[in-house]
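Structure first, commentary second.
Numbering (this note's numbering), first residue to last: 20 to 563.
As structure tokens, then:
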């Protein structure tokens with residue numbers, strides 16, 4: 020059992036407590052979701068359970084924390100290595116070896132496991148996360164989603180009693196996320212593992228968890244309610260919950276299955292197709308003007324370390340158009356973005372951004388031509404404070420002083436200017452990097468998983484800012500596994516599979532073609548090709 024009693028933690032120089040937990044109990048074998056706004060303190064709360072807070076973070080902690088009889092305030096984090104498995108928001112920051120199977124074996128070696136037992140546990144972890152095919156791979160060659168699964172496998176090798184996960188599905192494609200959630204459910208049901216998970220993509224996790232702990236915007240950690248009661252009280256909600264609040268007559272659905280049953284109990288979904296066919300499709304090319312290509316990819320082929328990553332990919336991106344790259348983890352989306360950003364050369368084909376080869380464009384010209392935000396936004400941040408980052412960005416792009424700070428305020432108001440970027444949450448750090456990159460208004464904006472670590476409100480603000488850029492003629496190419504964002508924002512989808520382009524077309528057509536990459540509301544009303552809650556309610560309202 021885990022118990023917090025009058026626990027308060029404050030980072031150094033912070034004007035108020037980062038988190039406070041008056042009284043909270045997590046029972047043995049519970050599967051608990053930790054929810055809250057970006058930057059509310061969820062990660063700090065999770066790290067307080069294995070001693071990373073305050074021993075590695077610094078700061079002051081008071082009150083008591085009891086984790087199966089041990090107090091992490093008094094004990095070292097290493098004392099919890101066999102009791103608690105912890106996976107950070109940035110899994111690659113935990114890696115200490117070069118190969119996948121070596122990384123999984125590392126903790127076992129340090130704990131003195133016998134060779135035969137260690138090999139069995141490594142094999143079990145590879146199978147558990149369905150990554151046996153990656154065993155010999157270099158960690159440097161993994162995609163963000165593959166790295167996430169390797170990190171989970173490495174902590175599961177020890178068979179910890181408690182598993183703590185910070186945004187475990189944020190970098191995973193929908194299929195991989197479902198597989199990981201199913202694995203976690205088996206750990207709870209079959210082995211009695213206690214799991215605490217912070218996650219913003221609630222649509223992926225609500226059907227699995229026993230309880231929701233809410234971290235308020237003041238850092239107060241609240242628990243004790245069941246999932247449905249807590250979700251109703253939250254200001255943010257996934258599409259299925261939002262839909263059921265408006266359509267369910269007081270009944271809250273937590274899964275697509277529950278929401279679909281809610282609909283089929285009232286109407287015949289097949290009859291809704293007639294109503295839909297009379298409506299004008301609001302998606303498609305959108306703002307793109309197809310006679311003004313910003314980016315042209317023709318037969319683009321990319322290789323790395325002797326391995327073919329992308330082969331013969333061809334499509335154009337027009338002025339003011341938004342295009343999304345979708346596909347399974349490791350399909351080559353990030354590699355394609357890096358090539359478009361001019362960071363990596365292509366092995367064959369032709370790639371032009373504003374008529375230029377991005378790999379040959381000098382850094383000063385690249386700022387106004389192409390902006391790139393990678394999965395790890397920290398590599399773009401060099402200042403000692405948020406204020407310094409914004410000032411340096413203005414100077415580099417020759418912008419009016421205060422331009423980047425104003426963009427950041429729209430994306431994430433409330434971030435202190437004197438805060439160090441590394442002290443920000445993952446989502447706040449991402450928004451800072453995005454503000455730095457979009458302030459110069461590049462002709463082409465490249466975004467790799469831009470909603471990772473963002474709550475629903477932050478996503479809405481980001482999409483509004485991106486829509487404004489589109490209206491100014493900025494073209495946007497985005498790689499993401501967040502199908503709900505794609506359904507709301509993107510004009511065109513490019514589906515990547517096995518290193519090649521599988522399909523290319525309007526968002527509605529492609530997102531309703533594959534159940535794996537379909538948004539929640541399409542699954543609720545399939546085969547009616549709705550993409551959002553508002554469209555679903557409109558169709559159902561028309562049915563009367």
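Heads up, the beta-carbon is just placed ideally off N, CA and C, and yes, glycines get one too. These figures come from a predicted structure and were not determined experimentally.
The three-state secondary structure of residue 231, taken from DSSP, is strand. C-alpha of residue 239 to C-alpha of residue 107: approximately 21 Å in a straight line. Taking the C-beta atoms as reference points, residue 232 is found nearer than 7 Å to residue 51.
Straight across, the Cα-Cα distance linking residue 523 with residue 349 is about 19 Å. Between the stretch 74-94 and the stretch 133-153, the count of Cβ pairs shorter than 8 Å is below three; the stretches do not touch. As summarised for the stretch 457-520, the continuous alpha helix (DSSP H) elements at least 4 residues long and confined to that stretch are 475-490 and 502-508, given in chain order. Annotated three-state conformation of residue 170 is helix, per DSSP. Per DSSP, residue 148 lies in no beta strand (DSSP E) and is assigned neither H nor E.
Between the alpha carbons of residue 211 and residue 46 lies a distance of about 10 Å. At a cut-off of 3 residues, the continuous stretches assigned as beta strand (DSSP E) that sit fully inside the stretch 374-407 are 389-392. Two segments are said to touch when three or more pairs of C-beta atoms, one from each, lie closer than 8 Å; by this definition the stretch 495-506 touches the stretch 537-553. A residue is called buried once 16 or more other Cβ atoms fall within 10 Å of its Cβ, and residue 478 is buried on that count. In this structure, the CA atom of residue 453 is about 28 Å from the CA atom of residue 75. Assigned with DSSP and collapsed to three states, residue 440 falls in helix. With respect to the 7 Å criterion, residue 125 and residue 158 are not classified as neighbours on the basis of their beta carbons. Excluding residues up to 5 positions away in sequence, 344, 346, 498 and 515 lie with their Cβ nearer than 7 Å to the Cβ of residue 352 in the same chain. Contact between residue 62 and residue 444 holds: their C-beta atoms lie close to 6 Å from each other, under 8 Å. A straight line joining the alpha-carbon of residue 414 with that of residue 420 spans about 8 Å. Residue 317 carries a strand assignment under DSSP once its states are collapsed to helix, strand and coil.
Put simply, of 181, 237 and 167 the residue whose alpha carbon is nearest the alpha carbon of residue 471 is 167.
As computed with DSSP, residue 103 is found in a beta bridge with 181. Secondary structure note for residue 25: its beta strand (DSSP E) is the uninterrupted segment 21-29. Annotation: residue 285 to residue 278 spans about 11 Å, alpha carbon to alpha carbon.
Counting only residues of its own chain and dropping the five nearest sequence neighbours on each side, residue 475 has a CB closer than 6 Å to the CB of 255. Counting only the Cα atoms, residue 367 lies some 25 Å from residue 386. In this structure, DSSP gives residue 334 an extended state, which the three-state scheme calls strand. Taking a 10 Å sphere around the C-beta of residue 379, we find fewer than 16 other C-beta atoms and assign the residue as exposed.
Going by beta carbons, residue 321 and residue 372 fall outside the 7 Å limit.
Taking the Cα of residue 439 as reference, the smallest distance to any Cα among 468, 405 and 116 is reached at 405.
Annotated three-state conformation of residue 368 is strand, per DSSP.
Residue 262 and residue 363 have their C-alpha atoms spaced approximately 43 Å apart. Counting the other CB atoms within 10 Å of its CB gives residue 448 a total of 16 or more, which places it among the buried residues. Contact between residue 485 and residue 390 does not hold, since their C-beta atoms are separated by about 12 Å, which reaches or exceeds 8 Å. Assignment of residue 547 by DSSP, reduced to helix, strand and coil, places it in the coil class.
Secondary structure note for residue 55: its beta strand (DSSP E) is the uninterrupted segment 50-55. Positions of the beta strand (DSSP E) runs, each at least 3 residues long and wholly inside the stretch 204-257, are given as 213-217 and 230-234 in order along the chain.
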